[in-house]
Each structure stands twice: as C-alpha cells, then as structure tokens.
Amino acid sequence: MMTKRRLHPIAMVTGVGRELKHVLLPLLVVVIAGSRGDFSWRDLVMPLLVLAYTIVAGVLSWVRFKYGWDGQTLEVEEGLFVRKKRTIPFERIQGISTTEGIWQRLAGVVKVHIETAGGGLGEAEVALAAVSREEVHRLQREIERAKEQAGGRPPCEHGNRPLSLPLFTLSIKEVWLAAVTSGGAFGVVAAVWTFLSQLGDLIPYEALFRNVQTTWNGHGRWYIGVIGLVALLAAYGVAIGQNMIRFASFAVRRQEDTIVITRGWLERQTVSVPIGRVQGVMIHESWLRRLFGYATVSLIHAGGALDGGPPGDVVLCPLVKKERVSSIIHACLPEYDLGVAFRPLPKRAQIRYMLRPLYWLAAPLALAAYIERPWGAGLLFALPLALWIGSRRYQAAGWALSSRQLTLRSGWFRRTTTYMLKHRLQAVEVAATWWQQRKRLATISAAVMPLGTRARVVDVDEEDAASIYRWLQGKGRNQA
Amino acid sequence: MLGNSGKPISEKAITVWRLTGVLGTLAGGVIIGAIAWVLSRFHVPEWWLAPLAGIWGVKAVLWIGWLPPLRQKRWRYDIRDEDIEIQHGVWSTTWTLVPMNRVQHVDVRQGPLLKRYGLASVVIFTAATVHEIPALSESEAERLCRLIAERAKAADQDDD
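Quick mapping for you: the protein sequence lines, in order, are chains A and B.
Heads up, the first sequence is in the working numbering, so the first residue is 91 and it goes up one at a time.
Heads up, the second sequence is in the working numbering, so the first residue is 3 and it goes up one at a time.
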C-alpha cells in the first residue's frame, strides 16, 4: 500500500525563496521606475501583494505536493490550480542525484533529482525538494531491488556502505585554476547583457547612450574604457567565484557499479552515474589549459542533465593533469582504453584545413582592410594567423580504432577526444563532398546516445573512413 | 571506396520531388511578388528585383528539372541481417550504417503527395539518430518496416 508523504517543511522556505528570486529584480525595477523621485506608500502596494501571493502560493504548493512509493512505482502529486499526478515505474529511473543547499543543510535534509531515460519524448524529471537522508537511501534500495528483479541480477548486500576512497579530488589550487580558466566570464557577461536588454523599456538607454557619446567625443575615452574593463573584470570575478563554489570539495568515487561524484561548497551535490549507462568518454583540452598540461574529462551519459550542465554530459574531472587521466578512467571504466595510438590525417588534407578558415574570413577582412585604409591593412595579418590555426587544427585531428573502441579527435582551441565503445555506437556516417572525393578524403562521424551526440573528424583518408565503417558493419558475414 | 551497392528507391520519387519543387517555387514566387509589391509602395527602384528573380529562376530549374532525377539515382538502401546501409546525396555523398540491434522502432510515413503516387517513406529510429528511406512503393515500405522490426528483435537477443 502506498502511503503519501509530504516534503520536510523546509521545502516551503526553499520554494518561496526560489520564486522570490524570480520576482525580486522585476519588482525592484518597477518600484524604482514607478516612484519617479518622490516616495509614496502607494508604490509599495503592488510589491507587497506580489510578495504575499508568492508566500501563500509557496505554502499551498507545499501542502499540495505529495509523494510516495510502493515496490514498483514512484508517485508524485502536485499542482496548485492544475493538479498533476505522475507515476514513474522504478525500472525507468536512470539515476538519482542529491543536492544540499544551505537551507536543506540547516534542516538536515537533501534535495533529490530523479532522472528517467533522457533525450526522448515523454522525458520525466522529478525533484523532491526536501527529503531526509534515510528516506533517500530507502528509495534507492527499493529502486535497485526492483531493477534487480526485472533484470534478473542477483541482489547484492546494500545497507550502509562505507564510502570508498576517492579516485579523484581537486586541490584548492586546482579548484582556483579550474575556475580561472573556465571561460565562464563570457557567460556572466552574456547573462548581464540579456538581463539589461530585457529591461530596455524601463531604463532610459537613449539618454544614457547620448551621455556616453558626449563623454566619448570629449575627453572621456579612457574613462569609458576603464569602466568597461572594470565591469568585465568584475563579471570575470563573479564567474570565478561561482565556479570555485561549484568545484569545491570535488570528489569522484566508485561504489560497485556506480560512479559517485560529489561536489560543491555552499550547495553540496551528489551525482550517481551507473557505469552501464555511460556511453562514452570525452576529454576536452582548451588551449589555455593545455598550456599548463591540464585537461577536462567528462562522461557521455544516456540520462538527462545530471549535474546541471548540458544534457548527456557529466563532468568527471573539471581539471586534471593529463598524465593522471588514464589511471582515473581505468579505475572508473576499465572497458575504455585511453592509451591508443592516434592515426594522423593524410598530408593532402592539410591544405584544406588551412584554407577552410579563409573561406569565410577573407572577404570580410579584405573589405574591412579596404574601408579602414591605411591602418586597417594590419587586419591582413589575421590571414596568416588563420592559416596557422588551420594547420594546428590539422595536426590536432586524428582517429584510432581497436577491435572494440573508436576514438575520434578534433579541434584546436578546444581539442576534444571522444572514446566510444563499439557496442555503444548507434550509427556511423561517412560523407564526402565532390571536392573531398577528388582528394580521396571523407568526413567520418559517429553517434552515441543521447540524441544528437556525435563526434566528427573532417578529411580522413577515404580508405581509413571506409575501414571504420566496415568495422562497425559486424562480424564479417554480410550478404547483399 | 564504399561503393555503390544497394537497391534504388522508386522512380516515381522523381515525379513527387518535381511536384514538391513546383510547389516550393510557387511559394517562393508569391513571397517575391509580395516583396516587389511592398517595394513598389515605397518607390524603390525596380532594377534590383532582377537578381532576385534570377535566383528564383535558377532555383526553380535546379529543384524541378535537375535535382530530382539525380537525387533519385543517388539514393540506395540495403537491409541486411546485421545492419542497415543508406546512401544518398548529390553534392556530398553520405553512407550511413546502422547496426540492426540499435534500431528502436520503425515508422512508415506518407504525406498527401506520396499517397497520391502510392508511395511511402520508412523512418528508422535508434536511441540517438533518425534515418529516412524516402519514396518506396507502399508494399515495399510495409515489408521493410516489418522486416527491420523483426530483425532488430532477433539481433537484440543475440546481443550481449
């Protein structure tokens, strides 16, 4: 029999808090824009109403939120006006991750994310905002038991497993380095920009712009430049702070058939990835990190966005010395072989790689150089630079094939190496344009779950591409 | 390198694609007409409609006259015990290989134009990709759909 439970009351606080965060800035703007100089109590009526509504709605949705499970399914009921009841069979649950925010920690509970098969339609995702640890463990055990019964695997002892030693952790220095080199500053700048552009109606941009222009034309170019730089640095600083909080106390453990990733400082997050659900391993090396000999390792995962990143991508090591990657992967996923010897692309592909950036750079650059004569001619120096980058991209690209694994590598600014096991490949595609066919080159691409995840290398030797294609073709007994 | 094997799709595909091309060209003509009308209201000199009309004409010739037979000629498919091979493309030739045991489900699809000519498309879904074999005869499409579903099930049992 299913008993329906409510979340821990702290969920009210976190729920209301989240809603408030959404309405706070618009409200502030409305109050400031509406008050026009002299303050009056009437300006506060609207915000107070919104505030009261948010709080009441938060409390009521807590009252309405009920969950429960029996041996087979998890059921969640929610909805303030539209009631929604969702039933999820245990076998369909792909992963459970838990987060502890500040409020949850105060109450000694965790937030649970339940992931079902990702990528497809009908993807269900459930979050239980405040559940005690014991209850999460009980739910996990029930799910595992249900899956074992369905899969026919012998049940193994669970209970309170001791935490195994972490396979990978980040030192404070590495946390800092990861945050500094993550390039998140651009994300912050973009977020600030979209926010400001949404407020376009309320802020007198035109007047502001005119001010800026007069200052610019006067003596203030340096002044504006410095302000812009400071703003950018501040955004960068915020991004670094955010990333440090995200990456702090990062640890990867292996518990039997699951990789458990814990991380976060103010908000602690635990992500469990069943090894059987891993679809591939990706190693990213941005040029900045490569300078220091570091790389980023992530897993391609068939579930949804487990750690809040893009779907299907779970960061295993945000920053790791290149020489350690192989041993970490070996401990987590022994099926993967990272010590493969890469085959380079044929020499005749180099010129195509070098010219490729020029196709779209040459015309605009030449035009700009012509318009901004004579100093604009300096822009033409970008052309050899583009050639050079093209040849670096050519050198970075490569592939490797073993009996069970395909490895593709491409990119230079951000060199990505993707390791895929044969029995995880969903499809392989070889494509050759007319130009490529003339040079006996082809583009090879391989797709793994989830939807839209594919690795690609351009301008592989035609015969090599064909051999990769035939490698997937099966056990050799093909009939037409 | 990978050769030119497999079965061709129905030759009626050419007719269907030509018709699609005609419809697309008509739609393009309507849009260009609308642009011309708006421009004439603003007294914009008319000479620059010429390149637009030129592009429209070239596109019409390509999509109605030239491309459909080439596309039909380049389409090839091969359903084998362990995999499906699809080959297509005029400017860029693409060979796609889908192992049989990765197939999740198969659809037969038929739009009004295809239906008019007794044709249907087979769409093959894996967990990560979608592949289409367009314009087969209705009976062939039905047969392939059943065949693939059956073989996918058989291959699935072999797996692991």
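We treat Cβ as the ideally placed atom computed from N, Cα and C, and that holds for glycine.
Exercise. Where DSSP assigns a beta bridge to residue 510 (chain A), which residues make up the other side?
Worked result: A:496
For this session: List the residues of chain A whose Cβ lies closer than 8 Å to the Cβ of residue 154 (chain B), in chain order.
Result: Chain A residues near residue 154 (chain B): none, gap ~13 Å exceeds 8 Å.
Problem set entry | Start-to-end residues for the alpha helix (DSSP H) that takes in residue 43 (chain B) | 14-43
For this session: Kindly indicate if chain B contains any beta-carbon less than 8 Å away from that of residue 249 (chain A).
Result: Low confidence applies here, because residue 249 (chain A) scores a pLDDT of 43, under 50, leaving its location unreliable; read the following figure in that light. Not one chain B Cβ lies under 8 Å of residue 249 (chain A).
Problem set entry | residue 554 (chain A) - containing alpha helix (DSSP H), residue span | 552-562
Exercise. Going along the chain, which residues of the segment 128-148 of chain B sit with their C-beta nearer than 9 Å to a C-beta in chain A?
Worked result: 128, 129, 130, 131, 132, 133
Exercise. Which residues bound the beta strand (DSSP E) around residue 184 (chain A)?
Worked result: 183-190
Exercise. Does any residue of chain A bring its CB to less than 8 Å from the CB of residue 71 (chain B)?
Worked result: no
Exercise. Taking 8 Å as the CB-CB cut-off, is residue 4 (chain B) touching chain A?
Worked result: yes
Problem set entry | Cross-chain neighbours of residue 559 (chain A) in chain B, by beta carbon under 8 Å | 4, 97, 99
Exercise. What number of angstroms, rounded off, separates the C-alpha of residue 422 (chain A) from the C-alpha of residue 227 (chain A)?
Worked result: 23 Å
For this session: Using a cut-off of 7 Å between C-beta atoms, extract the partners of residue 539 (chain A) located in chain B.
Result: 129, 130
Problem set entry | is_contact[residue 562 (chain A), chain B] using C-beta, thresh 8 Å | yes
Problem set entry | Whole-number beta carbon distance between residue 269 (chain A) and residue 337 (chain A), since they are thought to touch under 8 Å | 6 Å
For this session: Apply the 10 Å Cβ neighbour rule to residue 261 (chain A) and answer buried if 16 or more other Cβ atoms are within range, or exposed otherwise.
Result: exposed
For this session: Counting only the same chain and skipping the five closest in sequence on each side, list residues whose C-beta sits under 7 Å from that of residue 99 (chain B).
Result: 85, 87
For this session: Quick one: give me the first and last residue of the alpha helix (DSSP H) that residue 461 (chain A) is part of.
Result: 440-461
For this session: Please go through the same chain and pick out, in chain order, the residues whose beta-carbon is closer than 8 Å to the beta-carbon of residue 41 (chain B), but skip the five residues on each side of it.
Result: 48, 51
Problem set entry | Inter-residue Cα distance where the pair is residue 508 (chain A) and residue 432 (chain A) | 12 Å
Exercise. Taking Cβ-Cβ distances shorter than 8 Å, what residues in chain A pair up with residue 104 (chain B)?
Worked result: 515, 516, 517
Exercise. For residue 55 (chain B), which of B:73, B:70, B:45, B:36 has the nearest alpha-carbon?
Worked result: B:36
Exercise. Shorter than 8 Å from the beta carbon of residue 245 (chain A) to some beta carbon of chain B?
Worked result: Since pLDDT at residue 245 (chain A) reaches only 42, below the 50 mark, its modelled position is unreliable, and no value is offered.
Exercise. Is the beta carbon of residue 537 (chain A) sitting closer than 8 Å to the one on residue 544 (chain A)?
Worked result: yes
Exercise. For residue 93 (chain B), which of helix, strand or coil comes out of DSSP?
Worked result: coil
For this session: Give a yes or no on whether the minimum CB-CB distance between residue 522 (chain A) and chain B is below 8 Å.
Result: yes
For this session: Count the other C-beta atoms from every protein chain shown that fall within 10 angstroms of the C-beta of residue 233 (chain A), then say buried if there are 16 or more, exposed otherwise.
Result: buried
For this session: Mind checking which residues open and close the beta strand (DSSP E) that includes residue 58 (chain B)?
Result: Note, residue 58 (chain B): premise wrong, no beta strand (DSSP E); alpha helix (DSSP H) at 51-62.
Exercise. So, are the CB atoms of residue 391 (chain A) and residue 368 (chain A) less than 8 Å apart?
Worked result: yes
Exercise. When we look at the beta-carbon of residue 19 (chain B) and count the other beta-carbons within 10 Å, is it buried (16 or more) or exposed?
Worked result: buried
For this session: Verify whether the separation of the beta carbon atoms of residue 470 (chain A) and residue 453 (chain A) is less than 8 Å.
Result: no
For this session: Check the Cβ-Cβ distances between residue 93 (chain A) and every residue of chain B, and say whether any is below 8 Å.
Result: no
Exercise. Can the beta-carbon of residue 215 (chain A) be found closer than 8 Å to that of residue 205 (chain A)?
Worked result: yes
Exercise. Which residues of chain B have a Cβ atom closer than 8 Å to the Cβ of residue 543 (chain A), listed in chain order?
Worked result: 130
Exercise. Looking at the C-beta of residue 556 (chain A), does it have a partner C-beta in chain B at a distance below 8 Å?
Worked result: yes
Problem set entry | Spatial distance of residue 60 (chain B) from residue 68 (chain B) (CA atoms) | 10 Å
Exercise. For residue 196 (chain A), which of A:140, A:497, A:164, A:103 has the nearest alpha-carbon?
Worked result: A:103
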